[in-house]
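Colleague: Our numbering runs 1337 ahead of the 1-based position in the sequence shown.
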Amino acid sequence: MRIAILGAGAVGGYFGARLAAGGSDVTFVARGAHLAAIQRDGLRVISQRGDVHLPDVKAVDDIAKVGEVDLVIVGVKLWDTELAAATLKPLAEHGAAVLSLQNGVHKDEVLRGHLPPGAVIGGLCYIAAVIGEPGTIRHDGTMQRIIFGEYDGTRSARVEAFYQACIAGGIDADVSSEIERLIWEKYVFLVGLSATTSAIRQTIGPIRENPAARALLFDIMNETVAVGRAKGVPLAPDFAEDRLAFCDTLPASMTSSMHHDLDRGKRMELPWLSGGVAALGEELGIPTPMNRAVASILSIYASGNTGAVSASGT
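#1: Provide the residue(s) that pair with residue 1414 in DSSP beta bridges, ordered along the chain.
#2: Per DSSP, residue 1524 is paired with what?
#3: Using a 10 Å radius around the Cβ and a threshold of 16 neighbouring Cβ atoms, would you call residue 1445 buried or exposed?
#4: Out of 1402, 1388 and 1415, point me to the one whose CA is closest to residue 1604's CA.
#5: Can you say whether residue 1631 is buried or exposed, counting buried as having 16 or more other CB atoms within 10 angstroms of its CB?
#6: Which of the three DSSP states is assigned to residue 1470 in this structure?
#7: Mapping DSSP to helix, strand and coil, what is residue 1382?
#8: Excluding the 5 residues flanking residue 1561 on each side, which residues of the same chain have their C-beta closer than 6 Å to its C-beta?
#9: With a CB to CB cut of under 8 Å and the five nearest residues on each side skipped, what residues in its chain are close to residue 1643?
#10: Whether or not the segment 1532 to 1547 and the segment 1514 to 1521 are in contact is what I'm after, with contact meaning three or more pairs of Cβ atoms, one per stretch, closer than 8 Å; do they touch?
#11: Beta-carbon within less than 6 Å of residue 1357's beta-carbon, same chain only, minus the 5 sequence neighbours each way: which residues are those?
#12: Judging by CA-CA distance, which residue of 1620, 1609 and 1617 is the nearest neighbour of residue 1636?
#13: Can you give, in chain order, each stretch of the alpha helix (DSSP H) that sits fully within the segment 1595 to 1634 and has at least 4 residues?
#14: Does DSSP put residue 1488 in a helix, in a strand, or in coil?
Set out below in structure tokens:
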């Protein structure tokens, strides 16, 4: 399968490397020092599921240099989705499918606004990974799963082809006939994890062990469930309880990409996570006080270092 990875960061780099190791023809679209390191030394993955080193990698700085592909996996940050979607139109018009592994529930709607009807495959992933240094992806724990499917519920040839590519690469993969619900289910968890780890500045371990922090985690996820149900997504009424139990199974060291971005002074996906829940709640008349509070608390840091403040006193 010919696959382009648009945004070869932690998520795109990890899964792209696994797909390439499994025999897929993968081209990575990256930038800056990460791109330079990949072009010079190849791409490395350090993981408890097995390390990977791809010494000879196809890596470019522009999606226009990729050529025709069967599938584009989108892994850019959410604020780049609009721009990325516009650049994908020529590939999609030549038959490429587009699968976003980005965070949140807004991504596919943005993509559909630029691409031919039916080009978008719904998808999500579960993984804790970071760029350890340029050219190297570090995978925390053993969880690494992709779930995807057509929005009409059919098991198409392109979905089956990608499933086989994932299996060949050692990726835990599932095909779903209810992909919209599953995307929202991940959103519930992700909003809770990103909000608490970023606002509290801790990994999931201390948060789930502290009663007050645990209650905050639950409330944030429960608000997200209420918003999804108001939009007509068939989430179980007690789904927040289910996700809280899931959090108890995670490595204590696990955190969110938003927490990493906060620590490094980078721009955050806050407007699409807790901020997105608050905005949707306002539209639908659903109270979201905890998500709104987190969005307000972190808003000063949302744009990165430009939001930093200092204070002095006597």
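All residues carry an ideal CB built from backbone N, CA and C; glycine is no exception. Since this is a predicted model, take the numbers as computed values, not measurements.
Modeller: In short:
#1: In the DSSP output, where bridge partners are listed per residue, residue 1414 has none listed.
#2: According to DSSP, residue 1524 bridges with nothing at all.
#3: buried
#4: Looking from the CA of residue 1604, the closest CA among 1402, 1388 and 1415 belongs to 1415.
#5: buried
#6: In the three-state scheme derived from DSSP, where H, G and I count as helix and E and B as strand, residue 1470 is classed as strand.
#7: Strand.
#8: Here residue 1561 has 1525, 1528 and 1614 as same chain residues with Cβ atoms under 6 Å from its own Cβ, once five neighbours each way along the sequence are excluded.
#9: Reliability fails at residue 1643, whose pLDDT of 48 lies under 50, so the model's placement of it is uncertain and no value is given.
#10: no
#11: 1363 and 1391
#12: 1609
#13: 1611 to 1621
#14: coil
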